[in-house]
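Novice: Structure incoming, see below.
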Amino acid sequence: MDENGSLYVTDFGKDEVRRYRRGESQGTVVAGGNGRGNRLDQLSFPQYVFVDRDHSVYVSERGNDRVMKWVEGAKQGIVVAGGQREGNGLTQLSYPEGVVVDQLGTVYVADDENDRIMRWPKGATQGSVIVGGNGRGEQSNQLKEPIGLSFDRHGNLYVVDWGNHRVQKFNVDSTVEKLIRVALNAIWFFFLRTLNIIKEFISMKE
-4 MDENGSLYVT DFGKDEVRRY RRGESQGTVV AGGNGRGNRL DQLSFPQYVF
46 VDRDHSVYVS ERGNDRVMKW VEGAKQGIVV AGGQREGNGL TQLSYPEGVV
96 VDQLGTVYVA DDENDRIMRW PKGATQGSVI VGGNGRGEQS NQLKEPIGLS
146 FDRHGNLYVV DWGNHRVQKF NVDSTVEKLI RVALNAIWFF FLRTLNIIKE
196 FISMKE
């Protein structure tokens, strides 16, 4: 659901995502709807959907092992994660499920059959494992068929660990936090550098 109260629904059987505005009964296709397939204007067994502030729709596809982004009004999507056939490489996904996207466009996806949570920065050609990826199991560093994920305002990651019948909480260092630290370090560096230049200039005047 977006901030306007519109509801977005994945139709597994029709391979499409529909948006239902308040009061609507038919809805509007916002992703897929062109038959099952792997073209950029198609979906194959869509699972989860995420809608960002620009009303772009992100869809995880079980059939194509990828996550697609559909900008509002677009006739076809863009692959933002996976799409390199099913597998366990860093460029691949296997039955992706839950998907969340942060304000920088970084995609976080529950990689079900690989028992891991992947992070794909905007424009990246491969992702990185941020949780799991240590084999299927019930240890605290393992997952078993994760299907959902969510972040709280403190950056903690909650994972629906379906195969283990539990929800796990992880303190993940988010992309946003890293960028903030990098930016602050850069500002501090340039502040000190500017201060030294001013000191040198004053000493030259004296």
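Using this note's numbering, you'd call the opening residue of the sequence shown number -4 and step up by one each time.
Where a beta carbon is used, it is the ideal one built from N, C-alpha and C, also for glycine.
Curious, which full-length beta strand (DSSP E) runs of at least 3 residues does the segment 96 to 130 contain?
Specialist: Taken in chain order, the unbroken stretches of beta strand (DSSP E) that lie wholly in the segment 96 to 130 and span 3 residues or more are 102 to 106, 111 to 115, 123 to 127.
Novice: Is the separation between the beta-carbon of S51 and that of V66 shorter than 9 Å?
Specialist: For the purposes of this step, residue 51 is identified with residue 56 of the sequence shown, where counting begins at 1. For the purposes of this step, residue 66 is identified with residue 71 of the sequence shown, where counting begins at 1. Yes, the pair counts as a contact, with Cβ atoms nearer than the cut-off.
Novice: Using CA atoms only, rank isn't needed, just tell me which of G28, F165, R48, Y3 is closest to F40.
Specialist: Taking the first residue of the sequence shown as position 1, residue 40 is located at position 45. Nearest option by C-alpha distance: G28.
Novice: Report yes if the C-beta distance between D6 and R13 is below 9 Å; otherwise report no.
Specialist: Stepping through the sequence shown from its first residue, residue 6 is reached at position 11. Stepping through the sequence shown from its first residue, residue 13 is reached at position 18. Cβ distance < 9 Å, so D6 and R13 count as in contact.
Novice: When the Cα of Q202 is compared with those of M113, R34, Y90, L152, which residue comes out closest?
Specialist: Outside the shown range of the chain, which is -4 to 201, sits residue 202, and nothing can be said about it.
Novice: By alpha-carbon positions, which one of R80, K164, Q98, G118 ends up nearest to L144?
Specialist: Mapped onto the sequence shown, residue 144 falls at position 149. With distances taken between Cα atoms, L144 lies closest to K164.
Novice: Decide if G0 is buried, meaning its Cβ has at least 16 other Cβ atoms within 10 Å, or exposed.
Specialist: One-based indexing of the sequence shown puts residue 0 at position 5. Exposed, since its Cβ has fewer than 16 Cβ neighbours within 10 Å.
Novice: Given this structure, state the Cα-to-Cα distance separating L85 from V124, to the nearest angstrom.
Specialist: Walking along the sequence shown from the start, residue 85 turns up at place 90. Walking along the sequence shown from the start, residue 124 turns up at place 129. Taking the straight line joining both Cα atoms gives about 8 Å.
Novice: Distance check for Q21 and T101, CA to CA, integer angstroms please.
Specialist: Position 106 of the sequence shown holds residue 101. Position 26 of the sequence shown holds residue 21. Going from the Cα of T101 to the Cα of Q21 covers about 32 Å.
Novice: Please look up how many angstroms separate the CB atoms of V94 and Y43, rounded, as I've assumed it's under 8 Å.
Specialist: The residue you call residue 94 lines up with position 99 of the sequence shown. The residue you call residue 43 lines up with position 48 of the sequence shown. The pair is a contact, with the Cβ atoms about 5 Å apart (cut-off 8 Å).
Novice: With DSSP run on the structure shown, which of helix, strand or coil describes N29?
Specialist: Position 34 of the sequence shown holds residue 29. Residue state, collapsed to three classes: coil.
Novice: Span of the beta strand (DSSP E) holding R13?
Specialist: Residue 13 sits at position 18 when you count from the first residue of the sequence shown. 11 to 15 is the span of the beta strand (DSSP E), which, as asked, contains R13.
Novice: Please look up how many angstroms separate the CB atoms of G78 and N59, rounded, as I've assumed it's under 8 Å.
Specialist: The count along the sequence shown starts at 1 and reaches residue 78 at position 83. The count along the sequence shown starts at 1 and reaches residue 59 at position 64. Indeed, because the Cβ distance is near 7 Å, the residues count as touching under 8 Å.
Novice: How would you call R114, buried or exposed, if buried means at least 16 neighbouring beta carbons within 10 angstroms?
Specialist: The sequence position of residue 114 within the sequence shown is 119, counting from 1. Looking at its Cβ environment, which holds 16 or more other Cβ atoms inside 10 Å, R114 is buried.
Novice: How many Å lie between G82 and D107 at the Cα?
Specialist: Reading the sequence shown from its first residue, position 87 is the one you call residue 82. Reading the sequence shown from its first residue, position 112 is the one you call residue 107. C-alpha separation (whole angstroms): 11 Å.
Novice: Can you list, in chain order, the residues of its chain whose CB lies under 8 Å from that of I175, leaving out five sequence neighbours each side?
Specialist: Translated into positions along the sequence shown, residue 175 becomes position 180. Model confidence at I175 stands at a pLDDT of 47, short of 50, so the residue's coordinates are unreliable; what they give is reported in the following sentence. Counting only Cβ-Cβ distances below 8 Å, and skipping sequence neighbours, we find nothing.
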